[in-house]
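Novice: One structure follows; several queries about it will come next.
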Amino acid sequence: MKKLFTILICKLLRFVGGLVGKGSSLPGQVALKLCPDILSRVSLPEYIIAVTGSNGKTSTVEMIAHILTKNGKTVAWNKEGSNQIEGVTTLVLGSCTLGGKVKSDILLIESDERFARYTFKYIQPTHYVITNLYRDQLTRNGHPEWVYDALLDSITSGTQLILNADDPLVSSFAQGRENVVWFGADKLSSDTETLESVYNDGAYCPVCKAPMTYTTHHYNHIGHYACTKCGYRRHDTQYTITAVDLDKGVMTIDGKHNITLALKSLYNIYNILSAYTVASIVGIDGAKIAADMNHYVLKNGRVITFELGSRKGTLLTSKHENSISYDQSIRVASAYKEGCDVMIIVDAVSRKYFTSDVSWLYDIDFDMLGCDNVHQIVLAGKYVNDLAVRFSYTDIPNDKIKLFEDINEAVDYLNSDRREYIYVITCFSDKGKFLVKVKGE
Amino acid sequence: MKILHLYHDLMNLYGDYANVSAMRRILEKSGESVTVDKVSLGGKAVLSDYDFIFVGSGTERNLRVALEDFRQYKAELSACADSGKALLFTGNSFEMLGKTLTDCHGNTVEGLGLFDFTVTEQNKTRDTADVIFNCDFLTQPLVGFVNKCSEIKGVSEPLFGVKMGLGNFKGDLHEGIRKNNLFGTHLTGPALIKNPHFLAYLAEKAGCKAVNTDYLTYEKAGFEVTLTELTKRMESGE
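So the protein sequences, as listed, match chains C and Y. Numbering-wise, my numbering puts 11 at position 6 of the first sequence, and it's gapless, one number per residue. Numbering-wise, my numbering puts 1041 at position 158 of the second sequence, and it's gapless, one number per residue.
Rendered as structure tokens:
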């Protein structure tokens, strides 16, 4: 009775919430109050796929859902991105019959890293993808090893781990476990021999803390590593990016499936690869997956093209407090051969909580913007002084940089007859302040 | 002048390295010629050769790795602290200098024993906060961020007073440690960039003869914005 009642209330709240455009965590929150173990009382489908990690969760989950749906599977997934236990509860109960049976073939859960241990106490994933662990929102998350320890508590013995072999910390989840599926990239034409990053989170072995060496870096500390002491090293992969051409925007998986990229970033190719891996495990044919990923444009609004007067540009949503996310966006802009202007906005560090911390700016490799492809750099927002100071520690000449505290003034300045393409790099917390001033796609 | 950056690749979690960049710049802008040496695990530095020594914050695991290496400097470090050499430890790095360090499982290792405090870590909640610290040797307060999982008990000479944020332990109104010109604070990241007045103070303690702060326009403006934001936050009581 309690189960039925809880499911009913959750569905009702979800319906009402949908009408008034409210978030997706409240119905689950109420359901958990009514029946704290409700998640363990429902009957779940054969496949329960969880995705977590610092970056790429939302995009990867969206891609997996797209591929599986295209291939005739029914998928229940947290589209709204509410990824803590409340949001997951809303998702699960919303997808249930009143009798408590999830109607879909596949339950697909994006999970917050720190809260996975609470969610997966009740629902054990059959397959668990961990994309990467980076310095991400450290004002809340502490540091990557802190998140690692929290995530370790969420992994149960019956779960099939699907790990990014190129991330040394993520790969160490496999310590003492068999039955791990590995995905990763071969040495790529875009790789570098030496580390290109302000800091090195791959300097020391995550297992024994002896120095590590790399034979190749895909980006930052993601690459082919080996410990100099304990034998810990990058694992061979079952699902592999065998080639990528970022200029042409083509990636190749397992030497045979070519995918044309809508977004030419290394990030994107990892997200596609992890989606490919999951879909393959579910039984979808590789060629079909590749076709579904061809030219795939994410619908989650993280990459938005716009027009500003006579000028065109792209907003690359990049997480504040996440240097690798910024580095990726900066790489995309720096690679734009026809010449571009770049705008960076730091106005509110976070939309969800208050902080004035800007230490993360020092982990971003802004020097990449010193290349010839980038003509002008516009810095804007409340923390423009901090941005200016950070840029003073790069080799980028002053005359290339314009400062505006007021975002509107910065946009007006960009609304000129310059011909350069515009890349805007900012966070969820600040992108709306820019987008109201331009014509979106 | 000579700067030593110890454990630059092991203890550098929140952009702490930028403190060294800031010190180099203020010394250069003040007419000094500057060299920076980075020494990490397996290396050996002669501490007395340097005018300013810096160690940044690290993960709890890395802190223990650094501590084992750091033991070799115990006597030298003690002499440096006594002689008034300028040293700055940010984040958890000063925790190495106390009597004991206990991890979340209750395992205790000895610290360097330069101070009498003890450190206890836990792994349940990360204690983080935007902070405003007061101190009597600077004309303005300090702003920044603290990100820790430890409590530090038994500090006899703290560095700052806590106006907003976190002290050495829960409810403590004091933060950090000091002995002569050895400064330890749980402020993480580029504390000297966020607080140009603290940078100037430390430059003088390092032996800079005529400290130039004229070039710090954006740093000073950035400090004011942050102080205003944090004060608003504090007064709103959230």
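We put the CB at the ideal spot given by N, CA and C, even for glycine.
Could you give the residue range of the beta strand (DSSP E) that holds D346(C)?
Specialist: D346(C) -> beta strand (DSSP E) spans 345 to 350.
Novice: At 3 residues or longer, and completely inside the region 371 to 432 of chain C: list those beta strand (DSSP E) runs for me, N to C.
Specialist: The qualifying runs are 379 to 385, 406 to 409, 426 to 431.
Novice: Taking only the alpha-carbon atoms, compute the straight-line gap between I43(C) and S100(C) and give it to the nearest angstrom.
Specialist: C-alpha separation (whole angstroms): 13 Å.
Novice: Can you give the Cα-Cα distance for A55(C) and Y127(C), rounded to whole angstroms?
Specialist: Their backbone Cα atoms lie some 13 Å apart in a straight line.
Novice: State the beta-bridge partners of G1027(Y) as determined by DSSP.
Specialist: In the DSSP output, where bridge partners are listed per residue, G1027(Y) has V1014(Y).
Novice: So which residues of chain Y does N137(C) contact, with C-beta pairs closer than 7 Å?
Specialist: Result: empty, since nearest Cβ-Cβ is about 17 Å, beyond 7 Å.
Novice: With 16 other CB atoms within 10 Å as the buried threshold, where does G1054(Y) fall?
Specialist: Burial call: exposed.
Novice: V302(C) to D999(Y), Cα distance in whole Å?
Specialist: Roughly 59 Å between the two C-alpha positions.
Novice: Report the partner residues of N169(C) according to the DSSP bridge assignment.
Specialist: In DSSP, N169(C) forms a bridge with F188(C).
Novice: Only counting the same chain, and skipping five residues up and downstream in sequence, which positions put a Cβ closer than 8 Å to that of A338(C)?
Specialist: If we look at A338(C) and ignore the five residues flanking it on each side, its Cβ neighbours are L321, C345, V347, L374, N378, V379, Y428, I430.
Novice: Which residue's Cα is closest to the Cα of E1118(Y): E1058(Y), P1079(Y), K1046(Y)?
Specialist: Ranking E1058(Y), P1079(Y), K1046(Y) by Cα distance to E1118(Y) puts K1046(Y) first.
Novice: Helix, strand or coil, according to DSSP, for T1096(Y) in the structure here?
Specialist: Note: T1096(Y) maps to coil in three-state DSSP.
Novice: Just verifying my parser: in three-state terms, what is the DSSP assignment at C232(C)?
Specialist: Looking at C232(C) - three-state DSSP - the assignment turns out to be strand.
Novice: Indicate whether R395(C) and L366(C) have their beta-carbon atoms separated by less than 8 Å.
Specialist: Their beta carbons are under 8 Å apart, which means R395(C) touches L366(C) by this criterion.
Novice: Just how far apart, CA to CA, sit A1093(Y) and Q180(C)?
Specialist: Taking the straight line from one Cα to the other gives about 55 Å.
Novice: Can you have a look at P41(C) and say buried or exposed, based on whether 16 or more other CB atoms are within 10 angstroms of its CB?
Specialist: Classification for P41(C): exposed.
Novice: What are the boundary residues of the beta strand (DSSP E) that L113(C) is part of?
Specialist: Taken as a continuous stretch (DSSP letters only), the beta strand (DSSP E) holding L113(C) covers 111 to 115.
Novice: Evaluate contact between the region 197 to 207 of chain C and the region 223 to 236 of chain C, counting only Cβ atoms and requiring at least three cross-stretch pairs below 8 Å.
Specialist: Because the criterion of three Cβ pairs below 8 Å is met, the region 197 to 207 of chain C and the region 223 to 236 of chain C touch.
Novice: Against chain Y, with Cβ distances strictly below 8 Å, would N169(C) count as a contact?
Specialist: It does not; no Cβ of chain Y falls within 8 Å.
Novice: Measuring only the C-alpha atoms, how far is K1077(Y) from E425(C)?
Specialist: Distance between the alpha carbons of K1077(Y) and E425(C): 34 Å.
Novice: Roughly how many angstroms separate the alpha carbons of A969(Y) and G1059(Y), rounded to a whole number?
Specialist: One C-alpha to the other measures close to 15 Å.
Novice: Alpha carbon to alpha carbon, how far is A248(C) from V93(C)? Give it in angstroms, no decimals.
Specialist: If I take the Cα positions, the gap works out to 36 Å.
Novice: Roughly how many whole angstroms lie between the Cα atoms of K16(C) and E67(C)?
Specialist: Rounded to the nearest angstrom, the two C-alpha atoms are 23 Å apart.
Novice: Report the start-end ranges of each beta strand (DSSP E) in the region 69 to 130 of chain C that is 3 residues or longer and not cut off at the edges.
Specialist: Complete beta strand (DSSP E) runs here, min 3: 80 to 82, 111 to 115.
Novice: By how many angstroms is the C-alpha of S162(C) removed from the C-alpha of A1089(Y)?
Specialist: Whole-angstrom Cα-Cα distance: 55 Å.
Novice: Is any beta-carbon of chain C found at less than 8 Å from that of F1028(Y)?
Specialist: Yes, F1028(Y) counts as interfacial toward chain C.
Novice: Taking 8 Å as the CB-CB limit, is T1011(Y) close to chain C?
Specialist: With 8 Å as the cut-off, T1011(Y) counts as an interface residue toward chain C.
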